[in-house]
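In the working numbering, the protein residues as written are 21 to 112.
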């Protein structure tokens, strides 16, 4: 995993290997925003392909904003929607 700051096309130019950007979308609104994102990548000179992956219908309503709002109303209310990072990334 690489960490970087700045614009993605600038990082991709110096990465030294071929990359593909994978973006998850919940609905048409997300896709519309991501199409603008992909256009900016292209306008900034990136030839990096972008792939969109649709989420399952059962999780379509979940967003970081919604989870933050739940947490602001009642501590712990959003925890059911946040995966355990250690389990996801295999970290102990």
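Ideal placement from N, C-alpha and C gives every residue a C-beta, glycine not left out. Predicted model only: the values in this text are computed from it and were never measured.
Helix or strand or just coil, what does DSSP make of residue 26? coil
Less than 8 Å between C-beta atoms, sequence neighbours within five positions excluded: which residues of the same chain meet that for residue 22? Contacts found: 31, 35.
Out of 63, 71, 109, which has the shortest C-alpha to C-alpha gap to residue 39? 71
Compute the distance between the beta-carbons of residue 51 and residue 29, then report whether it is under 7 Å. no
If you follow the alpha helix (DSSP H) that residue 56 is in, where does it begin and where does it stop? 48-63 is the extent of the alpha helix (DSSP H) around residue 56.
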